[in-house]
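**Q**
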Amino acid sequence: MPSKASLMLRSALRAHLEARTTAMQPRWRCGAGRIGRRVALELGLCFALAPRLALAQTEPARERPKENDLLVNVTAAAALEPLKPDDLSLDVKQTLAWPMDPETKTLRNGSRLNKVLLLRLDPEGFDPETKERAAEGVVAYSAICPHTGCDVTNWHPDRQLLECPCHYSTYDPKEEAKVVSGPSPRRLPALPLKIADGRLAVAKPFIGRPGFQQM
Amino acid sequence: MKRNARFRVTLMTSALALAVYAATASAQQPLPPLPTPDTPPPVPPILQSYKPVTQDELKQPADGDWLMYRRTYNGWGYSPLSQVTAENVGRLKPVWTLATGQVEGHQAPPIVKNGVMFVATPGNQVLAIDAKAGNVLWRFKRPIPDDMLLLHPTSRGVGLLGDKVYFAAADAVLVALDAKTGKEVWKAPVEDYTHGYYMSLAPLVADGKVIVGVSGGELGVRGFVAAFDAETGKPAWKTYTVPAPGEPGSNTWPTGDQWKTGGSSVWITANYDPETNLSFWGTGNGGPWMGDQRPGDNLYTSSVIALDTATGKIKGYHQYHPNDSWDWDEVSPPILVDYQHNGKTIKGLVDVARDGYLWMLERTGDKINFIDGKPFVKQNVFSRLDPETGRPEIDPARKPATGKKADFCPSLWGGKDWPPVAYSPKTRLLYIPANENLCGTIIGEPVTYTPGQRYVGATSTMYIDQGADHIGELQAWNLDTEQKVWSHPFANSQLWGPVLATAGGVLFAGGTNDRYFRAFDASNGKTLWEFRTSSGVNGVPVSFQIDGKQYIAVQSGWGVDAARMQARLNLARPWEFPDVPQGGSIWVFAVD
Numbered sequence: 001m002p003s004k005a006s007l008m009l010r011s012a013l014r015a016h017l018e019a020r021t022t023a024m025q026p027r028w029r030c031g032a033g034r035i036g037r038r039v040a041l042e043l044g045l046c047f048a049l050a051p052r053l054a055l056a057q058t059e060p061a062r063e064r065p066k067e068n069d070l071l072v073n074v075t076a077a078a079a080l081e082p083l084k085p086d087d088l089s090l091d092v093k094q095t096l097a098w099p100m101d102p103e104t105k106t107l108r109n110g111s112r113l114n115k116v117l118l119l120r121l122d123p124e125g126f127d128p129e130t131k132e133r134a135a136e137g138v139v140a141y142s143a144i145c146p147h148t149g150c151d152v153t154n155w156h157p158d159r160q161l162l163e164c165p166c167h168y169s170t171y172d173p174k175e176e177a178k179v180v181s182g183p184s185p186r187r188l189p190a191l192p193l194k195i196a197d198g199r200l201a202v203a204k205p206f207i208g209r210p211g212f213q214q215m
Numbered sequence: 216m217k218r219n220a221r222f223r224v225t226l227m228t229s230a231l232a233l234a235v236y237a238a239t240a241s242a243q244q245p246l247p248p249l250p251t252p253d254t255p256p257p258v259p260p261i262l263q264s265y266k267p268v269t270q271d272e273l274k275q276p277a278d279g280d281w282l283m284y285r286r287t288y289n290g291w292g293y294s295p296l297s298q299v300t301a302e303n304v305g306r307l308k309p310v311w312t313l314a315t316g317q318v319e320g321h322q323a324p325p326i327v328k329n330g331v332m333f334v335a336t337p338g339n340q341v342l343a344i345d346a347k348a349g350n351v352l353w354r355f356k357r358p359i360p361d362d363m364l365l366l367h368p369t370s371r372g373v374g375l376l377g378d379k380v381y382f383a384a385a386d387a388v389l390v391a392l393d394a395k396t397g398k399e400v401w402k403a404p405v406e407d408y409t410h411g412y413y414m415s416l417a418p419l420v421a422d423g424k425v426i427v428g429v430s431g432g433e434l435g436v437r438g439f440v441a442a443f444d445a446e447t448g449k450p451a452w453k454t455y456t457v458p459a460p461g462e463p464g465s466n467t468w469p470t471g472d473q474w475k476t477g478g479s480s481v482w483i484t485a486n487y488d489p490e491t492n493l494s495f496w497g498t499g500n501g502g503p504w505m506g507d508q509r510p511g512d513n514l515y516t517s518s519v520i521a522l523d524t525a526t527g528k529i530k531g532y533h534q535y536h537p538n539d540s541w542d543w544d545e546v547s548p549p550i551l552v553d554y555q556h557n558g559k560t561i562k563g564l565v566d567v568a569r570d571g572y573l574w575m576l577e578r579t580g581d582k583i584n585f586i587d588g589k590p591f592v593k594q595n596v597f598s599r600l601d602p603e604t605g606r607p608e609i610d611p612a613r614k615p616a617t618g619k620k621a622d623f624c625p626s627l628w629g630g631k632d633w634p635p636v637a638y639s640p641k642t643r644l645l646y647i648p649a650n651e652n653l654c655g656t657i658i659g660e661p662v663t664y665t666p667g668q669r670y671v672g673a674t675s676t677m678y679i680d681q682g683a684d685h686i687g688e689l690q691a692w693n694l695d696t697e698q699k700v701w702s703h704p705f706a707n708s709q710l711w712g713p714v715l716a717t718a719g720g721v722l723f724a725g726g727t728n729d730r731y732f733r734a735f736d737a738s739n740g741k742t743l744w745e746f747r748t749s750s751g752v753n754g755v756p757v758s759f760q761i762d763g764k765q766y767i768a769v770q771s772g773w774g775v776d777a778a779r780m781q782a783r784l785n786l787a788r789p790w791e792f793p794d795v796p797q798g799g800s801i802w803v804f805a806v807d
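Which chain is which? The protein sequence lines are W and U, in order.
Following this note's numbering, the numbering of the first sequence begins with 1 at its first residue and continues without gaps.
Following this note's numbering, the numbering of the second sequence begins with 216 at its first residue and continues without gaps.
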């Protein structure tokens, strides 16, 4: 039989955890992308819609990439054809991709924070962390610049640096996408990759939080 | 038995230890209760005695106040205060300074009413400060959604009327705050940020309305100006700057649905003529950037439009250049100033445009007329202007297109970007913060529209013209003769400094990459004083008076396009243009 003390301890821990969970619960988001919802939010209808939106929040399309997710080129997303390492040429400008649930074939394009960029480079030049996260020379990073949220779409082939077209922050994809120059406050979150049935797949969730953060 | 007893003691000790631990985990020593909304902080005396701003005051502000973006509706950026003069400005010293806690471009003027200062900063923040002592009175912050694409993280200031402070939040929501408490009184959704709309301008407050425009010319928006009732926030009118099919001007968008993503954003406060109740708004580039992807003149991109402030109806317009392909937003509106032309007094509109031309226009109750135009920096795109309409003839070799690279001057940031000019009625000179000797290339590429994504379709470069001995240039122009009277060059810096003119014959501007804030002699452009702040100064400087003493105030905080140009200059001349440190602060100066 559990002693009184251990019962007390347990209930104390539970209370503690519950308090933490409540505090960490994300705020209701009414702004799921359509003007109607935003207007609703601004008009204070948020609470009325909250139960439905709470479900929407756990929508698989909005969830961050998970282990075993496959990757689909954003420009060919309709075909849902997962990318293989050989779909990416060596040393060529980044390809933007959405993660896809391998079971349900749900494309995780419900949040732009899920967009990733893929590059295939010579792993010889990678630092140990990047080498660990790469699969057949392919590295994946969040495509969203942590400065003000633009898509990182420029590529400097000569120096092999990624560049954000908005404010010209540059990142080194061979060294965990560290900031080389420009106003970005931090590196691009990395998405570790593996190969599954010859296709690129997510090995682990994002290392770091994608998106920019207000001060 | 003994063993059992010992065991029990051990058990009890452990239980006690656990209980103590549990007690610590569940119930620490109770903290004092947090202040609740039921017990709001006391309103400081200076705010208790805050007097509501009247519409008449906006038309005719007290000499010691600075109530709107350019202080007066005519857009002059001129203070009638004259204690600080060319003789004593050398003794100007900081009175106080305050960190805003934000990075990026701090562009807003400190707005001052009866000694209370309201400052908008990046990060959706508004601060109320005791302008004399430097105490923070309240601080308003609105969260910025983390999935937002905020291309220009800045704010250009607040508007005032009655007991309210109006703030155009970055996420395209207009907010009215109680000037005494900083609490939100109402908020009005303006547009949907997930579709690329955002806001950065200071609202125009006129005719009992709060009027804003939207940014997003690089994100495929359809620009507009929208007015809201100042008291309630109820929408009053909304006027698109790109006409829908069937509306006047729609024939300048002959192809398909291009008007729906045509750009023409509005991101600088209009100037306003109370006599005619017309407000004059500048409009941005077309979307996407390349004109061949949206055939036609594309009204009302890169134009000035005159809106009836009561109804929002477009009463007149002038398009500076049709079918923009150079990213030359013409958002900084013309100032309202009368000038002589061919022996006649013109009720004027004078615009210093990004396309590198000084435009002399005429305002009437229902029309904008072209009078004259001439370049104020090197411009090689227009071969001539039509003398009647002012429509430029474009050198086709200088116009980029899809798959066609063109080289042109001035660069895409133009002869003058957003930083406002100033005009002094004492010297009758117009002061222009210009960038000279910068040229660039653009090549267009096909682009597909995705809501909320970049919709530009172009790659650009910038270079310093051969033989250039300077870049930034503060210019003074006589509007009656259309002649440049003096020019102050900056050898190693661009100039992104809004200008303040004062009745004391002193101009103030920052804007250079060396972090200086400077005073110039309004009559000849000589530097009279300079002070090195914590970051580069992109803010609009102001002057105000408290207890009979004149102050000068400005925000320091480098960022946005001044920083982008610095990065491009550093590519042009490696290592000569290192990043300028960021971090915002407010500075207030006075003569000892």
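Note that beta-carbon positions come from the ideal geometry of N, C-alpha and C, so glycine has one too.
Does any C-beta atom of chain U lie closer than 8 Å to the C-beta of W:P189?
**A** To locate residue 189 of chain W, count along the first sequence from 1; it is residue 189. By this cut-off, W:P189 is not an interface position.
**Q** For U:F809, write down the residues that DSSP places opposite it in a beta bridge.
**A** Given a span of 216 to 807 for chain U in the structure shown, any question on residue 809 of chain U remains unanswerable.
**Q** Can a CB atom of chain U be found closer than 8 Å to the CB of W:Y141?
**A** Counting from 1 along the first sequence, the entry for residue 141 of chain W is found at position 141. No, its Cβ sits nowhere closer than 8 Å to a Cβ of chain U.
**Q** Taking just the CA atoms, how far does U:V714 sit from U:F723?
**A** Taking the second sequence and counting its residues from 1, one reaches residue 723 of chain U at position 508. Taking the second sequence and counting its residues from 1, one reaches residue 714 of chain U at position 499. Going from the Cα of U:F723 to the Cα of U:V714 covers about 6 Å.
**Q** Going by the beta-carbon positions, is the gap between U:P549 and U:L522 smaller than 8 Å?
**A** Locating residue 549 of chain U in the second sequence gives position 334, counting from the first residue. Locating residue 522 of chain U in the second sequence gives position 307, counting from the first residue. No; because the gap between Cβ atoms is not below 8 Å, this pair is not in contact.
**Q** Go through its chain and collect everything with a Cβ distance to W:G125's Cβ below 6 Å, but skip five positions before and after it.
**A** Locating residue 125 of chain W in the first sequence gives position 125, where the first residue counts as 1. Contacts found: K174.
**Q** Quick check on the DSSP output: the beta strand (DSSP E) that includes U:D695 runs from which residue to which?
**A** Looking up residue 695 of chain U in the second sequence gives position 480. No beta strand (DSSP E) contains U:D695, which DSSP labels as neither H nor E.
**Q** Per DSSP, U:S771 forms a beta bridge with which residues?
**A** Position 556 of the second sequence, counted from the start, is the residue given in the question as residue 771 of chain U. U:S800.
**Q** Who are the neighbours of U:L342 on chain W, taking C-beta pairs under 9 Å?
**A** What you label residue 342 of chain U is simply residue 127 of the second sequence in a count that begins at 1. Correct list: empty, because the minimum Cβ distance to chain W is about 14 Å.
**Q** Going along chain U in order, which residues have a C-beta closer than 9 Å to the C-beta of W:L113?
**A** Mapped onto the first sequence, residue 113 of chain W falls at position 113. Neighbours of W:L113 on chain U, chain order: D361, D362.
**Q** Out of curiosity, what's the CA-to-CA distance linking U:A589 and U:Q690?
**A** Reading the second sequence from its first residue, position 374 is the one you call residue 589 of chain U. Reading the second sequence from its first residue, position 475 is the one you call residue 690 of chain U. The displayed chain sequence assigns Lys, not Ala, to residue 589 of chain U. Near 14 Å, if we compare the C-alpha coordinates of U:Q690 and U:K589.
**Q** Please check the pair W:L191 and W:P65, which I expect to be a contact at CB under 8 Å, by giving their CB distance rounded to whole angstroms.
**A** Here residue 191 of chain W refers to the residue found at position 191 of the first sequence. Here residue 65 of chain W refers to the residue found at position 65 of the first sequence. At roughly 6 Å, the Cβ-Cβ gap stays under 8 Å, so W:L191 and W:P65 are in contact.
**Q** Using CA coordinates, which residue listed in U:P460, U:W452, U:K562 is at the minimum distance from U:T491?
**A** Against the second sequence, residue 491 of chain U aligns to sequence position 276. Among U:P460, U:W452, U:K562, the Cα nearest to that of U:T491 is on U:K562.
**Q** Whose C-alpha, out of U:G397, U:S370, U:T663, U:S626, is nearest the C-alpha of U:N650?
**A** Numbered from 1 along the second sequence, position 435 holds the residue referred to as residue 650 of chain U. Of the candidates U:G397, U:S370, U:T663, U:S626, the one whose C-alpha sits nearest the C-alpha of U:N650 is U:S626.
**Q** First and last residue of the beta strand (DSSP E) that includes U:R733?
**A** One-based indexing of the second sequence puts residue 733 of chain U at position 518. It spans 731 to 736 - the beta strand (DSSP E) in which U:R733 sits, taken as one unbroken run.
**Q** Note the first and the last residue of the continuous beta strand (DSSP E) segment covering U:I586.
**A** Residue 586 of chain U sits at position 371 when you count from the first residue of the second sequence. Unbroken beta strand (DSSP E) run through U:I586: 583 to 590.
**Q** With distances taken Cα to Cα, identify the nearest neighbour of U:T526 among U:K741, U:W802, U:L493.
**A** Reading the second sequence from its first residue, position 311 is the one you call residue 526 of chain U. Nearest of U:K741, U:W802, U:L493 to U:T526, Cα basis: U:L493.
**Q** Taking the alpha helix (DSSP H) that W:T130 falls in, what are its first and last residues?
**A** Locating residue 130 of chain W in the first sequence gives position 130, counting from the first residue. Start and end: 128 to 133.
**Q** Ignore the nearest five residues each way along the sequence and tell me which others in U:A683's own chain have a CB closer than 6 Å to its CB.
**A** Looking up residue 683 of chain U in the second sequence gives position 468. Answer for U:A683: N652, listed in chain order.
**Q** Identify the contact partners of W:H167 in chain U, using a Cβ-Cβ distance below 7 Å as the criterion.
**A** Counting from one through the first sequence, the residue named residue 167 of chain W turns up at place 167. The contacting residues are A778, R779.
**Q** At a CB-CB cut-off below 7 Å, which residues of chain W make contact with U:P368?
**A** The sequence position of residue 368 of chain U within the second sequence is 153, counting from 1. Here the neighbours are T148.
**Q** Who are U:I761's beta bridge partners in DSSP?
**A** Start at 1 with the first residue of the second sequence, and residue 761 of chain U comes out as number 546. Per DSSP, U:K764.
**Q** To the nearest angstrom, how far is the alpha carbon of U:A277 from that of U:P248?
**A** Within the second sequence, numbered from 1, the residue matching residue 277 of chain U stands at position 62. Within the second sequence, numbered from 1, the residue matching residue 248 of chain U stands at position 33. When rounded, the distance between both Cα atoms is 44 Å.
**Q** CB W:Y171 to CB W:V179, shorter than 8 Å?
**A** Residue mapping note: residue 171 of chain W aligns to position 171 of the first sequence, counting from 1. Residue mapping note: residue 179 of chain W aligns to position 179 of the first sequence, counting from 1. Yes; because the gap between Cβ atoms is below 8 Å, this pair is in contact.
**Q** Whose C-beta lies closer than 7 Å to the C-beta of U:K266 among residues of the same chain, with five residues either side of it excluded?
**A** Position 51 of the second sequence, counted from the first residue, corresponds to residue 266 of chain U. For U:K266, where only same-chain residues beyond five positions count, the Cβ hits under 7 Å are N329.
**Q** Output the boundary residues of the beta strand (DSSP E) element that contains W:P99.
**A** Along the first sequence, read from residue 1 onward, the residue named residue 99 of chain W stands at position 99. Element bounds for W:P99: 95 to 100.
**Q** So, is the C-beta of U:P358 closer than 8 Å to a C-beta in chain W?
**A** Indexing the second sequence from 1 puts residue 358 of chain U at position 143. With 8 Å as the cut-off, U:P358 counts as an interface residue toward chain W.
**Q** When you compare only the Cα positions, how much space is there between U:H556 and U:N693?
**A** Position 341 of the second sequence, counting from 1, holds the residue named residue 556 of chain U. Position 478 of the second sequence, counting from 1, holds the residue named residue 693 of chain U. If you take the alpha carbons of U:H556 and U:N693, they lie about 12 Å apart.
**Q** Nearest-angstrom Cα distance between W:A48 and U:V388?
**A** Against the first sequence, residue 48 of chain W aligns to sequence position 48. Against the second sequence, residue 388 of chain U aligns to sequence position 173. Residue placement at W:A48 cannot be trusted, given a pLDDT of 40 that sits under 50; what the coordinates show is reported in the next sentence. Using only the alpha carbons, I get a separation of about 21 Å.
**Q** Using a cut-off of 7 Å between C-beta atoms, extract the partners of U:L653 located in chain W.
**A** On the second sequence, position 438 is the one that residue 653 of chain U refers to. In chain order: nothing, as chain W lies at least about 16 Å away.
**Q** Can you pull the chain U neighbours of W:G211, defined as C-beta to C-beta under 7 Å?
**A** One-based indexing of the first sequence puts residue 211 of chain W at position 211. In chain order: D361, D362.
**Q** If we define contact as Cβ-Cβ less than 8 Å, is W:G182 a contact residue for chain U?
**A** Taking the first residue of the first sequence as 1, we reach residue 182 of chain W at position 182. Interface residue, yes.
**Q** Taking the DSSP output, what are the residues bridged to W:R199?
**A** Position 199 of the first sequence holds residue 199 of chain W. Answer is W:A196, bridged to W:R199.
**Q** Using a beta-carbon distance below 8 Å, is W:Q214 in contact with chain U?
**A** Taking the first sequence and counting its residues from 1, one reaches residue 214 of chain W at position 214. For W:Q214, the answer is yes, since a Cβ of chain U falls inside 8 Å of its Cβ.
**Q** Whose C-alpha, out of U:G372, U:I359, U:V299, U:G320, is nearest the C-alpha of U:A848?
**A** Nothing about residue 848 of chain U can be reported from this structure: the residues present for chain U run from 216 to 807 only.
**Q** Start and end of the alpha helix (DSSP H) containing U:L644?
**A** Here the question's residue 644 of chain U lines up with position 429 in the second sequence. Unbroken run through U:L644 is the beta strand (DSSP E), 644 to 650; no alpha helix (DSSP H).
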